[in-house]
Amino acid sequence: MTDTPARQRAVVFGYHNVGVRCLKVLLAGGVDVALVVTHEDNASENIWFESVISLCQAEGIPYITPADARSPELLEQVKAARPDLMFSFYYRHMLPADLLEVAPAFNMHGSLLPEYRGRAPVNWAVLHGANVTGATLHEMTVKPDAGAIVAQMDVPILPDDTAHEVFGKVQVAAEQALWRVLPSLLAGTAPRLPNDLSKGGYFGGRKPEDGRIDWSWPAQHVYNLHRAVAPPYPGAFTDIDGVRYVIQRARIAGTGHGNFGNVVSLSLPPGLTVVDNCIFGVCGDGRMLTISALTADGEPITAEQLAIRLAARA
Numbered sequence: 001m002t003d004t005p006a007r008q009r010a011v012v013f014g015y016h017n018v019g020v021r022c023l024k025v026l027l028a029g030g031v032d033v034a035l036v037v038t039h040e041d042n043a044s045e046n047i048w049f050e051s052v053i054s055l056c057q058a059e060g061i062p063y064i065t066p067a068d069a070r071s072p073e074l075l076e077q078v079k080a081a082r083p084d085l086m087f088s089f090y091y092r093h094m095l096p097a098d099l100l101e102v103a104p105a106f107n108m109h110g111s112l113l114p115e116y117r118g119r120a121p122v123n124w125a126v127l128h129g130a131n132v133t134g135a136t137l138h139e140m141t142v143k144p145d146a147g148a149i150v151a152q153m154d155v156p157i158l159p160d161d162t163a164h165e166v167f168g169k170v171q172v173a174a175e176q177a178l179w180r181v182l183p184s185l186l187a188g189t190a191p192r193l194p195n196d197l198s199k200g201g202y203f204g205g206r207k208p209e210d211g212r213i214d215w216s217w218p219a220q221h222v223y224n225l226h227r228a229v230a231p232p233y234p235g236a237f238t239d240i241d242g243v244r245y246v247i248q249r250a251r252i253a254g255t256g257h258g259n260f261g262n263v264v265s266l267s268l269p270p271g272l273t274v275v276d277n278c279i280f281g282v283c284g285d286g287r288m289l290t291i292s293a294l295t296a297d298g299e300p301i302t303a304e305q306l307a308i309r310l311a312a313r314a
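Quick note: the sequence shown uses full-length UniProt numbering, first residue 1, plus one each step.
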């Protein structure tokens, strides 16, 4: 008679949808999640994503929300959980060296490493016009997103996908990548593939101000910015006479039904304009964005209302 292998114990650092989905994968895979380290939601942030805390409460998993990942108290709590493995699923703080020494640690990153290392990888991929991204599970090191690759899953970025839509694909890719590699990871036989840091690059976090539109840019660049920060992110914006106009929905003119085809010949100055009761954003290359939903200081504004405001400036 053979002994039943002991369940592997894990400490999970997690937040956001990826935190919820990947935590569910560990539970479904028979992992004993001894402790979850997560964040309290920020009242000033638009919380459109699922709650790791709610999942922990539903499953009876102990959780903590330390403000500082480098605190001695957190290190002692993680050690006390006696993990065989540690995982980080969209946890927002870097884990220090002494914490990473407690047990082998793995991070789920929202790109195909080594591409788009660092913060906000999905948003950066969309902003740069990438047509593919994905999720990567990799070994954690003190240097972010630099450890050996354990599993990857790619997803397409369609020409009109917003970052929010792409993130929905990436979170499923993260779930699939973890589910497929989990048995070998628990058995200690998971692959370790090179993470070539001479390729790709590091990107920093993004702030709402990074959504400011420069209308001298080509239309594709402005459109990519809109897609990268479209709601539920803060949105691409332009300021006119102290009023902030935020694009909610847009397409490059001439690419959809009912849009202007010969947009370059209109020769309008860069910026917001109204033509035939439709709102457009004229870009530096003469092409335009068809803007189907726009807000002014947070309130929806119609083409007619915008036309009146723009005429008053003339």
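Note that beta-carbon positions come from the ideal geometry of N, C-alpha and C, so glycine has one too.
Note that the structure is predicted; figures quoted are calculated from it, not measured.
Per the DSSP secondary-structure output, Pro300 pairs in a beta bridge with Thr295. In the DSSP annotation of this structure, the continuous segment of the beta strand (DSSP E) that includes Asn107 starts and ends at Ala105 to His109.
CA-CA distance, Val170 to Pro159, rounds to 16 angstroms. Put simply, of Glu76, Leu272, Ala146 and Leu310 the residue whose alpha carbon is nearest the alpha carbon of Lys199 is Ala146.
Leu178 is the residue among Ser88, Arg119, Met86 and Leu178 whose C-alpha sits nearest the C-alpha of Ala28. Under the three-state reduction of DSSP output, Gln77 falls in the helix class.
Three or more Cβ pairs closer than 8 angstroms define a contact, and the stretch 283 to 293 meets that threshold against the stretch 235 to 255.
DSSP places Asp98 inside the alpha helix (DSSP H), whose first and last residues are Ala97 to Leu100.
Taking C-beta atoms under 8 angstroms as the contact rule, Asp98 and Leu75 qualify, at a distance of about 6 angstroms. Approximately 16 angstroms separates the beta-carbon atoms of Cys278 and Ala311; this is outside 8 angstroms, ruling out the contact. The alpha carbon of Arg309 has as its nearest neighbour, out of Cys283, Asp285, Leu272 and Gly281, the alpha carbon of Leu272.
The residue among Val222, Leu197, Ala6 and Val172 with its C-alpha nearest the C-alpha of Pro270 is Val222. Sequence-distant Cβ neighbours of Phe89 in its own chain, meaning closer than 6 angstroms and more than five residues away, are Gly14, Val18, Gly19, Cys22 and Met108. In this structure the stretch 214 to 231 lies against the stretch 112 to 131, because at least three pairs of beta carbons, one per stretch, are closer than 8 angstroms.
Under DSSP, Val275 takes part in a beta bridge, and its partners are Cys278. In the three-state reduction of the DSSP assignment, Ser44 falls in the coil class, being assigned neither a helical nor a strand state. Counting the other Cβ atoms within 10 Å of the Cβ of Asn195 gives 16 or more, which makes it buried. Rounded to whole angstroms, the Cβ separation of Gly118 and Gly204 is 6 angstroms, and the two are in contact under 8 angstroms. Around the beta carbon of Ala6, a 10 Å sphere encloses fewer than 16 other beta carbons of the protein chains shown; the residue is thus reported as exposed. The residue from Arg251, Gly286, Leu306 and Asp285 with its alpha-carbon nearest to that of Asp276 is Leu306. DSSP places His138 in the uninterrupted beta strand (DSSP E) bounded by Val132 to Glu139. Residue burial is scored here from C-beta neighbours: Glu299 has fewer than 16 other C-beta atoms within 10 angstroms and is therefore classed as exposed.
Val11 is a Cβ neighbour of Met86, given a cutoff of 9 angstroms. Sequence-distant partners of Pro83 (beyond 5 residues in either direction) whose C-beta falls short of 8 angstroms from its own C-beta, in its chain, are Arg9, Ala10, Val11, Ala34, Leu35, Val102 and Ala103. For Val126 against Val166, the beta-carbon gap comes to about 6 angstroms, under 8 angstroms, which counts as contact. Ser216 sits in coil when the DSSP states are folded into three classes, being neither helix nor strand. Note on geometry: alpha-carbon atoms of Ser71 and Glu115 lie some 31 angstroms from one another.
Beyond the five residues adjoining it in sequence on each side, Ala236 comes within less than 6 angstroms, by CB distance, of Gly211, Ile213, Leu225, His226, Val229 and Ile247 in the same chain, given in chain order.
When secondary structure is reduced to three states using DSSP, Asp154 falls in the strand class. The beta carbon of Ala148 lies closer than 8 angstroms to those of His138, Glu139, Arg192, Leu193, Pro194 and Asn195 in the same chain, with the five residues before and after it left out. Arg180 places its beta carbon less than 9 angstroms from that of Ala151.
With 16 or more other Cβ atoms from the protein chains shown falling within 10 Å of its own Cβ, Asp161 counts as buried.
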